[in-house]
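Here the structure is laid out as structure tokens; the discussion comes afterwards.
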């Protein structure tokens, strides 16, 4: 199980904990850098889907548009 911590204005703090062993570690990352890497990954995966014929270029653009709307958009963290 992984527990994810909170988002600050400029940094992302992740708190990873393995409940069965008691191991835990806190990582802090620059928010802009993390979002840029995730956007790049999304772009690559979606382009592969276009190249392989799973989706159209228009579907790709529609799907990724929100991710590129603004670097100040809120970040949603999973449970």
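Residue numbers (the working numbering): 669 to 747.
Yeah, the Cβ is synthetic: ideal placement off N, Cα and C, and Gly gets one too.
DSSP-derived helix/strand/coil call for residue i
i	result
residue 700	helix
residue 737	coil
residue 680	strand
residue 693	strand
residue 744	Low confidence applies to residue 744: its pLDDT is 47, below 50, so where it sits in the model is not reliable, and the reading given next is rough at best. Here residue 744 sits in coil by DSSP.
Own chain residues within Cβ distance below 6 Å of residue i, not counting five before or after
i	result
residue 695	682
Own chain partners of residue i with C-beta closer than 7 Å, once the 5 adjacent residues on each side are dropped
i	result
residue 711	732
C-beta neighbour in chain D for residue i, strict 8 Å
i	result
residue 693	In the structure shown, chain D cannot be found, because there is only a single protein chain.
Cutoff 8 Å; reference residue i; Cβ partners in own chain excluding five residues on either side
i	result
residue 702	680
Proximity below 8 Å, CB of residue i to CB of residue j
i	j	result
residue 736	residue 707	yes
- Report yes or no: do three or more beta-carbon pairs, one from the region 681-691 and one from the region 713-725, lie closer than 8 Å? The way I'd put it, the region 681-691 doesn't touch the region 713-725; fewer than three beta-carbon pairs between them come closer than 8 Å.
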